[in-house]
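For reference, the structure discussed in these notes is given below.
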Amino acid sequence: MINYQTLRPWLYKLDPEVAHNVAETALRVPNICPILFNPFLKSHFITNEILKQELFGRTFLNPIGLGAGFDKNATMIRGMQILGFGFTEIGTVTPKPQAGNPKPRMFRHVEEESIQNAMGFNNDGLLSVQKRLKERFPFTTPIGINIGKNKTTSDAEAINDYITLIKALHELGDYLVINISSPNTPGLRDLQNEEFITRL
């Protein structure tokens, strides 16, 4: 398999979001035909008793995980395992599909070796993500599910979005993340208060 340093010059010629989509297409393949990637998994997935941890009843074979925002729609779960991640957090998932912010919305900062994300919770929505999770359940590494309200949902109705997502997804992941921090969703950070969290 070609390593990242070889691919990087070619990926950097692409728009950041296009490069992400190319990576997603490649990382979907292990979901379709996992047996082809088993040798790569064995050589890249690090297992060592020193790294192993038991947290809230779940076994994490290594502490390096992928946070939400990369695999928004649960299309690359097997691919993330192939790359060696000890756990993966999918999402952010909203009740209804949403397109996110207008493009461009992803920016590459080469000198800082970072990506600026202003996507705006673009995702396929609860039903599509739930279907994919059911098809791949149970998982060989812990899976977190990051959930958020739709952009069009008012603050007053936001709690209903989160309750809908929790009821539908709580048995399909190892942990849930309540996302109330995105600066790209209007009014979302207004939910960062004790009253809302207590009600939820």
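Quick note on the numbering used here: the sequence shown kicks off at 487 and runs consecutively.
A virtual CB, placed ideally from N, CA and C, is assigned to each residue, including glycine.
When the Cα atoms are used, what is the spatial distance from residue i to residue j?
i	j	result
residue 599	residue 591	17 Å
residue 657	residue 575	15 Å
residue 546	residue 513	22 Å
residue 682	residue 671	17 Å
residue 494	residue 532	24 Å
residue 541	residue 572	13 Å
residue 595	residue 602	7 Å
residue 497	residue 559	22 Å
residue 675	residue 624	33 Å
residue 659	residue 617	13 Å
residue 492	residue 593	21 Å
residue 673	residue 510	30 Å
residue 529	residue 490	16 Å
residue 508	residue 499	12 Å
residue 597	residue 653	43 Å
Please classify residue i as buried or exposed, where buried requires at least 16 other C-beta atoms within 10 Å of its C-beta.
i	result
residue 524	exposed
residue 579	buried
residue 615	buried
residue 641	exposed
residue 501	exposed
residue 568	buried
residue 606	buried
residue 638	exposed
Could you name the residues of the same chain whose beta carbon sits closer than 8 Å to that of residue i, not counting the 5 residues immediately before and after it, in chain order?
i	result
residue 686	645, 648, 649 and 664
residue 428	Nothing can be reported for residue 428: it is not among the residues displayed for the chain, which extend from 487 to 686.
residue 620	658
residue 534	548
Can you list, in chain order, the residues of its chain with a C-beta nearer than 6 Å to that of residue i? Leave out the 5 residues immediately preceding and following it.
i	result
residue 506	none
residue 661	630
residue 552	566, 571 and 574
residue 622	563
Excluding the five sequence neighbours on either side, which residues of its own chain have a C-beta within less than 7 Å of the C-beta of residue i, listed in chain order?
i	result
residue 651	579, 581, 612 and 633
Comparing alpha-carbon positions, which option in the options lies nearest residue i?
i	options	result
residue 517	563, 623, 627 and 659	563
residue 668	604, 536, 588 and 615	604
residue 565	585, 522, 584 and 544	522
residue 587	553, 608 and 595	608
residue 700	561, 653, 535 and 674	For the chain, the structure presents residues 487 to 686; residue 700 sits outside this window and is missing.
residue 554	577, 673 and 543	577
residue 536	498, 529 and 549	549
residue 520	503, 635, 626 and 489	626
residue 503	589, 489, 543 and 492	589
residue 585	636, 673, 679 and 489	636
residue 628	543, 489 and 529	543
So, does the CB of residue i fall closer than 9 Å to a CB anywhere in chain B?
i	result
residue 637	Checking the listed chains, one finds no chain B in this structure; it contains a single protein chain.
I think residue i touches residue j, with their Cβ atoms under 8 Å apart; what is that distance to the nearest whole Å?
i	j	result
residue 677	residue 666	4 Å
residue 583	residue 610	5 Å
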